[in-house]
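Visitor:
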């Protein structure tokens, strides 16, 4: 028995909804209200569990052969780049409260640009640096000066 | 009513509103014209700038983005043959061929003028129909609201082409996200696992930004560096030929029926919740082709195709604004962001919105109307710049958009908490897209979740008889329509079972 992408996704969602469904039955009920806090989540979760189970069944019923053909025709995708981008964004979010908005943002915009398209000429490097510094400076200036939004200060840098 | 509208127009004409409106329209046109940057993303980028403004100024800016974005998309359509934003997808069908035939100026300006006229025609409906719609909505009890929301979700899930089941699951995930945190009646924490982090539930805007902006940028990055250098035909940097604005306008008004019909199609699609610009543009194009005397010319640079697509996607904006103002339900992701912004300012949306906040309501009408001349002015003055802007690289754009997303989440309440939520839902959204789950139903579930629960519980508290949902006439009809729309979707899927299509996610 083989299972496709949809089947696995369905199983995961089914498991999540069942776990939460059990939890929703354990929620306390309130004295004055006819239906407790678990009433509505239980409806949503039952629906989700049923739909996920159907998705698993649908996937099992569908022959594997069909989807294998589809996979070949799918256009090539650059998943490495997506992973790199997610890692860089994750690092930015983690460093933001430590380095402060200004330092972290200059680094983030520069690094992500370089990761997405490696600059080759001096002019491209200059554009990269200008975009990094410019984005940070303009957004900092507008938000802090005009819109009274305080952006994160760095715990390490104090800047 | 007309004096209220006049008052609204005079009000918006002040500098403190005109400036945000103009700036919003400008950013909208630019954002719309950049392929890979959708109108939703543009409005998300503008969002943090509106936190500090007064509510009407912020809403005027967002309305401007919406109108500008719906038009801006056509430039990339005509020059690159790819839509600058999903809302102008059908403009490529005839806009690009016409440009290739040596008439890029005619193609672009037909689109711009059709947008202006379609949008302004839509404004008539917006101004005169929203009030009566809200009056109907006022008659609704919790039963009717509940059923209306169920119908909205059933329709959106049914519209997803790939799989009805996935659409329904996606809706459920959206609803589930709103359940996390304290329950609305007794404040009992639900599914928080004792964590402080999600104790208060997931804030709406960071989730929305994560799912729409983040997930979409990541999907775009997959294609980066792969398509470049291939045989992509581009007319960027082309000089527009000499043409006359008068002639272009005559060409549009030669077929008043086409313009009116495209406007109405766009308007209706706009009113329906959570299906947006791309559907209206494609549907109006399709209708134009059906009614045309010369259907064989479509796809070869036929002006009718451009007019239909562009008039309808701007009219779509007025339809979406109608839904949000009359019912408090966002017609699409852009109005969902607007709704989020209203909530920040403590404005209650719903059928009482117009009567309780007439200044704001007529201000939005006025902003919508005035956004069109602003957009036209921007196009006239800045066309040479915009012909180049479409070639800005994704490598430069993506980091800037991501920074503004992070600021938008952070500035919501000045905590990193919202930024973590943003990142979490960025990952979730991307994974769901990759697994083939449509995002539109999820967002609708997310938007309506709280309201559905509140109305459901309220209905049961008023009268515990569950049959009332079926026996109250309006509620019963709405639920019946919901069942019918799911049934119709199942029937269509069975008919097209063997047609395998890889669907682009609709952001």
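Protein chains in written order, with our numbering: chain A, 322 to 480; chain B, 580 to 1086.
Backbone N, C-alpha and C fix where the C-beta goes; we use that ideal spot for every residue, glycine too.
Quick caveat: nothing in here was measured; it's all calculated off a predicted structure.
1. At least one CB of chain B closer than 8 Å to the CB of residue 474/A: is that the case?
2. Would the segment 1030 to 1037 of chain B and the segment 717 to 728 of chain B be scored as touching if the rule is three or more Cβ pairs under 8 Å?
3. Cβ of residue 595/B less than 8 Å from any chain A Cβ?
4. Can you name the residues of chain A whose CB is closer than 8 Å to the CB of residue 577/B?
5. Does residue 682/B pass the burial test, meaning 16 or more other C-beta atoms within 10 Å, or should it be called exposed?
6. Determine the direct distance from the alpha carbon of residue 987/B to that of residue 464/A, and round the result to whole angstroms.
7. Starting from the beta carbon of residue 751/B, find every residue of chain A whose beta carbon is closer than 7 Å, and list them in chain order.
8. Could you name each continuous alpha helix (DSSP H) segment of 4 residues or more that falls completely within the segment 747 to 796 of chain B, going from the start of the chain to the end?
9. Between the segment 1039 to 1051 of chain B and chain A, which residues of the former have a C-beta closer than 8 Å to a C-beta of the latter?
10. Mind pulling the chain B residues with CB within less than 7 Å of residue 442/A?
11. Start and end of the alpha helix (DSSP H) containing residue 1103/B?
12. With H, G and I counted as helix, E and B as strand and the rest as coil, what does DSSP make of residue 524/B?
13. Kindly indicate the opening and closing residues of the alpha helix (DSSP H) around residue 835/B.
14. Hey, how far is the Cα of residue 759/B from the Cα of residue 358/A?
15. The alpha helix (DSSP H) with residue 443/A in it runs from where to where?
16. Does the CB of residue 470/A have a neighbour CB from chain B at under 8 Å?
17. Taking C-beta pairs closer than 8 Å, name the residues in chain A that residue 627/B reaches, listed in chain order.
18. Quick check: is the beta carbon of residue 375/A nearer than 8 Å to any beta carbon in chain B?
19. Taking residue 1047/B as the reference, which of 643/B, 877/B, 726/B and 979/B has the closest Cα?
20. Identify the continuous alpha helix (DSSP H) that holds residue 897/B and give its terminal residues.
21. Taking residue 850/B as the reference, give the member of 823/B, 895/B and 840/B with the closest Cα.
22. Using a Cβ cut-off of 8 Å (strictly closer), state whether residue 347/A contacts chain B.
23. Do residue 475/A and residue 438/A have their CB atoms nearer than 8 Å?
24. In chain order, what residues of the segment 969 to 991 of chain B put their CB closer than 8 Å to some CB of chain A?
25. What number of angstroms, rounded off, separates the C-alpha of residue 945/B from the C-alpha of residue 1070/B?
26. Relative to the alpha-carbon of residue 619/B, which residue among 803/B, 673/B, 711/B and 603/B has its alpha-carbon at the smallest distance?
27. Within 10 angstroms of its Cβ, does residue 581/B collect 16 or more other Cβ (buried), or is it exposed?
28. Check whether the Cβ atoms of residue 601/B and residue 643/B sit closer than 8 Å, and answer yes or no.
29. Checking 8 Å against the spacing of the C-beta atoms, do residue 866/B and residue 887/B come in under that value?
30. Closest Cβ-Cβ distance between residue 1074/B and chain A: below 8 Å?
31. In three-state DSSP terms, what is residue 926/B?
32. Exposed or buried, what is residue 824/B when buried is set at 16 or more other beta-carbons lying within 10 Å of its beta-carbon?
33. Measuring straight from C-alpha to C-alpha, what distance separates residue 809/B and residue 664/B?
34. Within 10 angstroms of its Cβ, does residue 745/B collect 16 or more other Cβ (buried), or is it exposed?
35. For the candidate residues 675/B, 698/B, 771/B and 742/B, whose alpha-carbon lies nearest to that of residue 655/B?
36. So, residue 790/B versus residue 1016/B, is the Cβ gap smaller than 8 Å?
Guide: Straight from the coordinates:
1. Within the first chain, residue 474/A is the residue found at index 153, counting from 1. Closer than 8 Å: no.
2. Taking 8 Å as the limit for Cβ pairs, the verdict is that the segment 717 to 728 of chain B does touch the segment 1030 to 1037 of chain B.
3. As a position in the second chain, residue 595/B is number 16, starting the count at 1. For residue 595/B, the answer is no, since every Cβ of chain A falls outside 8 Å of its Cβ.
4. Chain B is shown from 580 up to 1086; residue 577/B falls before or after that span and cannot be answered.
5. Within the second chain, numbered from 1, the residue matching residue 682/B stands at position 103. Residue burial annotation: residue 682/B is buried, with at least 16 other C-beta atoms found within 10 angstroms of its C-beta.
6. Numbered from its first residue, the first chain carries residue 464/A at position 143. Numbered from its first residue, the second chain carries residue 987/B at position 408. The C-alpha of residue 987/B is placed about 11 Å away from the C-alpha of residue 464/A.
7. For this step, residue 751/B is matched to residue 172 along the second chain. The answer, in chain order, is 365, 368, 369 and 372.
8. Listed in chain order, they are 783 to 788.
9. So the list reads 1039, 1040 and 1043, given in the order they occur along the chain.
10. Taking the first residue of the first chain as 1, we reach residue 442/A at position 121. Per Cβ cutoff of 7 Å: no residues; residue 442/A is ~14 Å from chain B at best.
11. A question about residue 1103/B goes unanswered here, because the residues of chain B that appear run from 580 up to 1086.
12. Residue 524/B cannot be examined here, being either before or after the span of chain B that is shown, 580 to 1086.
13. Reading the second chain from its first residue, position 256 is the one you call residue 835/B. Where residue 835/B is concerned, the enclosing alpha helix (DSSP H) stretches over 835 to 850.
14. Position 180 of the second chain, counted from the first residue, corresponds to residue 759/B. Position 37 of the first chain, counted from the first residue, corresponds to residue 358/A. Taking C-alpha positions only, residue 759/B is separated from residue 358/A by approximately 11 Å.
15. If you number the first chain from 1, residue 443/A lands on position 122. Residues 443 to 461.
16. For the purposes of this step, residue 470/A is taken as residue 149 along the first chain, with counting starting at 1. So, interface residue.
17. On the second chain, residue 627/B is found 48 positions in, with the first residue counted as 1. Within 8 Å Cβ-Cβ: 464, 468 and 470.
18. One-based indexing of the first chain puts residue 375/A at position 54. By this cut-off, residue 375/A is an interface position.
19. For the purposes of this step, residue 1047/B is identified with residue 468 of the second chain, where counting begins at 1. It is 726/B.
20. Counting from 1 along the second chain, the entry for residue 897/B is found at position 318. Per DSSP, residue 897/B belongs to the alpha helix (DSSP H) from 882 to 906.
21. Here the question's residue 850/B lines up with position 271 in the second chain. Nearest in C-alpha terms to residue 850/B, of all of 823/B, 895/B and 840/B, is 895/B.
22. Translated into the one-based positions of the first chain, residue 347/A becomes position 26. No, no contact with chain B.
23. Sequence index remark: in the first chain, residue 475/A carries index 154 (1-based). Sequence index remark: in the first chain, residue 438/A carries index 117 (1-based). Taking 8 Å as the cut-off, the beta carbon of residue 475/A is found no closer than this to the beta carbon of residue 438/A.
24. Cβ contacts with chain A come from 972, 973, 974, 975, 977, 978, 979, 981, 982, 983, 985, 986, 989 and 990.
25. As a first step, residue 945/B is located in the second chain; it is residue number 366 there, counting from the start. As a first step, residue 1070/B is located in the second chain; it is residue number 491 there, counting from the start. For the pair residue 945/B and residue 1070/B, the Cα-to-Cα distance works out to about 43 Å.
26. In the second chain, the residue the question calls residue 619/B occupies position 40. For residue 619/B, the nearest C-alpha among the options comes from 603/B.
27. Walking along the second chain from the start, residue 581/B turns up at place 2. Counting every other CB atom within 10 Å of its CB across the protein chains shown gives residue 581/B a total below 16, marking it as exposed.
28. If you number the second chain from 1, residue 601/B lands on position 22. If you number the second chain from 1, residue 643/B lands on position 64. Cβ atoms of residue 601/B and residue 643/B: closer than 8 Å.
29. Within the second chain, residue 866/B is the residue found at index 287, counting from 1. Within the second chain, residue 887/B is the residue found at index 308, counting from 1. When the beta-carbon positions are compared, residue 866/B and residue 887/B come within less than 8 Å of each other.
30. One-based indexing of the second chain puts residue 1074/B at position 495. Taking Cβ atoms only, chain A never reaches closer than 8 Å to residue 1074/B, which makes this a no.
31. The residue you call residue 926/B lines up with position 347 of the second chain. In the three-state DSSP reduction, residue 926/B falls in the coil class, being neither helix nor strand.
32. Along the second chain, one-based indexing puts residue 824/B at 245. So residue 824/B ends up on the exposed side.
33. Translated into positions along the second chain, residue 809/B becomes position 230. Translated into positions along the second chain, residue 664/B becomes position 85. Only weak support exists for where residue 809/B lies, its pLDDT of 43 falling under 50; the coordinates are left without a value.
34. For the purposes of this step, residue 745/B is identified with residue 166 of the second chain, where counting begins at 1. Flag for residue 745/B reads buried.
35. The count along the second chain starts at 1 and reaches residue 655/B at position 76. When 675/B, 698/B, 771/B and 742/B are compared, the shortest CA-CA separation from residue 655/B is found for 675/B.
36. Mapped onto the second chain, residue 790/B falls at position 211. Mapped onto the second chain, residue 1016/B falls at position 437. A distance of 8 Å or more separates the beta carbons of residue 790/B and residue 1016/B.
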